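Have a look at the structure below, then the notes.
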Amino acid sequence: MSQVPRWGIVLAVALCVRGAYLLTAHGPAFEAPLIDADYYDFLGEQLARGQGFPEGPFWQPPLYPMLLGALYWLGGHSLWWPRLLQAVLGSLTAVLAARVAWRLSGRPAVELIAGLLVALHGPLVFYDGELLSTSLGTFLGAAALWLAVREPPSGWMALACGACIGLGALAVAPLLLLLLPLGWAVARSRPIRAALCVVACAAPVLWATAFNHSRTGEWLLISANGGINLWLGNNADVDRSMAIRPGAAWEALVDEPSRQGFHTPGAQDRYFTRKVFVFCREQPLRCVSNLIWKARLLLVARELPRNEDLYVVRSQSPVLWALTARPGGVALPYALLWPLAAVGGVALWRKRKEGAEQARRALTVAGTALMLAAPSIVFFVSGRYRAPLAPMLCVLAALGLLVLWESRGAARAVPVGVALAVLGLSLWPVRLAVDSVNFEAELQYAVGGRRARLGDDAGAVEAWRLAVERKPDYLEAGFNLGLALERLGRPEEAVRAYQSLLRWYPSEPLLRERLAQLRDAANGGASP
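In the numbering used here, the protein residues as written are 21 to 548.
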């Protein structure tokens, strides 16, 4: 064992855990990419066929669908290609976190613990198996930090660090914020290195900007979804807006700028951004209280859902079930990570007195952690969007664990007090509007949508029936069920599907329109 490098142990454990997850995972959420993942998969197929992106600017950052397109072009369309690659990227993220911990502490135990915490981090393992940009962005963020703290510094290192930040922003746009602490870190009294980092970061970002301008004549930095995401987390009722679900409510929100006369993607993006600025100007106290509330949500131990709930899909694999355990309602791993990371923050503060080099590393790590936490506070909090912060928390948690282990007597009082205070915040119950969402029904609704997109109406009917069984008043699922039954030539069943919804929505015109057309068809009139 002494002959095996610590990073090798971390890599082996991370690969084994992710491989075991992929081999044991079964269920609709794993077998069918859903919502954003389905859209990424669709774009990847298009790019692999040489059809390019849809008209207009990038709606979401483009790097991940480009990666999918390359994988599908090389190996054919299989969900295994991105999942295998992401298992490797996730494992390398664990190694990078371990090496950062080594640079920060110089302690082998801290290096090993930090790497293993990332290797066994249940939500990260989950996202490594999803067709989402989360895994890629998390890896690129960790790589940028590792390059920034490497020795010896060089111009090539600065270029590579900047490239990782720029490419990371094309996967997860808020990673662009890393340019602030890491650009400073790579300079080390040589401004030319900071300039090289900025240039390398700007190159991919400006390519995306130029692409958007060539498509629309408008200036959009990376993608056109920034404004609406900013509004979701900054308005008079953030809790309700964060619970808006895919379907009619989301489409109505997306179409709101068009109803107000803003028809181009850039104008629509600016429409939501202006709404945020107007809200903050007119209600500054509410705006600040929203930010404080989101900072508190960031510390919540449980995974806050976005498109799917981790605690609904964790049963798809015994590996995931174990790594996201909730003994006594205590959600792992964040219930342990946040308190230990807070103690690690205390240790970073103390390191400022250990010489200029240690102070620089401590500031680099602290600044990186703050920049990775900032998007959740500025935009909104969800498990998926705080994932890039997780490797940083693991580094700080490993450092904090060492502090608690080595502290004695009165010296332990401050770190223990900090840990207990943060633990209390993490576990303190918080009730959110999104908690009332039936994610099991939504999962089946999304499965049906993917199957219908692929031309499998029979499979879509099966999924939408399950969605309606779990949530009888699910308008979108029930209506789509009726349409699919019509396409399959089963009008009697379609009528029953529409009629069951009328009990909940007696004045819904679309339901009455479909029923009227089906009755006309049954009486020998116009076919539906």
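Note that the Cβ used here is the ideal one computed from N, Cα and C, for glycine as well.
As the structure is a prediction and not an experimental result, all values here were calculated from the model.
Residue-level contact to chain B via CB, residue i, 8 Å cutoff
| i | result |
| --- | --- |
| V366 | You won't find chain B in this structure, because it holds only one protein chain. |
Nearest-angstrom Cα separation, counted from residue j out to residue i
| i | j | result |
| --- | --- | --- |
| L424 | K314 | 29 Å |
| R404 | A49 | 15 Å |
| G203 | A214 | 5 Å |
| W227 | H233 | 10 Å |
| D61 | V350 | 34 Å |
| V434 | Y354 | 21 Å |
| M262 | G375 | 45 Å |
| W358 | R432 | 18 Å |
| S337 | L140 | 14 Å |
| R510 | L136 | 54 Å |
| A107 | A162 | 15 Å |
| R210 | R170 | 15 Å |
| S547 | R534 | Confidence at S547 is low in this model, with a pLDDT of 43, below 50, so the placement of that residue should be treated as unreliable; the coordinate-derived value is given next. Approximately 11 Å between the Cα atoms of the pair. |
| P408 | S155 | 8 Å |
| D493 | R532 | 16 Å |
| W100 | R473 | 20 Å |
| L352 | V401 | 17 Å |
| R306 | D257 | 10 Å |
| V33 | C217 | 33 Å |
| L495 | A536 | 18 Å |
| R451 | V320 | 11 Å |
| M21 | E131 | Note on M21: pLDDT 46, under 50, position unreliable in the model; the coordinate value appears next. Cα to Cα, M21 sits roughly 16 Å from E131. |
| P498 | V308 | Checking the sequence, you will find Gly at residue 498 rather than Pro. When rounded, the distance between both Cα atoms is 40 Å. |
| G475 | R316 | 44 Å |
| A483 | V145 | 26 Å |
| Q378 | A430 | 25 Å |
| L87 | Y59 | 14 Å |
| G444 | P172 | 41 Å |
C-beta contact flag for residue i and residue j at 8 Å
| i | j | result |
| --- | --- | --- |
| A191 | P53 | no |
| S111 | R38 | yes |
| A480 | R471 | yes |
| P102 | L151 | yes |
| G219 | G188 | Reading off the sequence, residue 219 comes out as Val, not Gly. No, Cβ-Cβ distance for V219 and G188 is not below 8 Å. |
| S243 | F399 | no |
| L318 | A393 | yes |
| F459 | D329 | yes |
| L340 | Y147 | no |
| Y291 | Q280 | yes |
| P143 | E323 | yes |
| L422 | R127 | yes |
| E238 | P201 | no |
| G149 | A268 | no |
| L167 | A180 | yes |
| V115 | L31 | yes |
| G420 | L360 | yes |
| S396 | R406 | yes |
| G246 | D289 | yes |
| T388 | L240 | no |
| V138 | P411 | yes |
| A518 | G502 | Here the sequence assigns Tyr to residue 518, which means Ala is not the residue at that position. For Y518 and G502, yes; Cβs fall inside 8 Å. |
| G47 | V274 | no |
Where the alpha helix (DSSP H) containing residue i begins and where it ends
| i | result |
| --- | --- |
| L368 | 354-371 |
| S520 | 511-522 |
| V30 | 26-44 |
| Q464 | 459-473 |
| V481 | 477-490 |
| T158 | 154-169 |
| E506 | 495-507 |
| V138 | 128-139 |
| H97 | Taken as a continuous stretch (DSSP letters only), H97 belongs to no alpha helix (DSSP H), as it is neither H nor E. |
| H233 | 211-236 |
| W448 | Element bounds for W448: n/a, residue is neither H nor E. |
| F292 | 285-302 |
| V206 | 199-207 |
| W79 | Run containing W79: none; DSSP gives neither H nor E here. |
| D61 | 56-68 |
| L416 | 410-426 |
| A389 | 376-398 |
| L538 | 529-542 |
Nearest-angstrom Cβ-Cβ length linking residue i and residue j, presumed shorter than 8 Å
| i | j | result |
| --- | --- | --- |
| L508 | D477 | 5 Å |
| V296 | W251 | 5 Å |
| G96 | L67 | G96 to L67, Cβ: 14 Å. No contact. |
| N327 | D540 | That belief does not hold up - the Cβ atoms of N327 and D540 are roughly 38 Å apart, past 8 Å. |
- Pairing CB atoms from the stretch 67-74 with CB atoms from the stretch 487-498, are three or more of them under 8 Å? Taking a contact to require three or more Cβ pairs closer than 8 Å, the stretch 67-74 and the stretch 487-498 do not qualify as touching.
- Task: Decide if the stretch 376-386 is in contact with the stretch 433-447; the criterion is three or more beta carbon pairs, one per stretch, under 8 Å apart.
- Result: No, the stretch 376-386 does not touch the stretch 433-447.
- Is the stretch 117-124 touching the stretch 410-420, taking contact as three or more C-beta pairs under 8 Å? Flag = yes, the stretch 117-124 and the stretch 410-420 touch.
- Message: Below 8 Å, how does it come out for the stretch 158-176 and the stretch 360-368: are there three or more Cβ pairs, yes or no?
- Response: In this structure the stretch 158-176 does not touch the stretch 360-368; the number of beta carbon pairs closer than 8 Å is below three.
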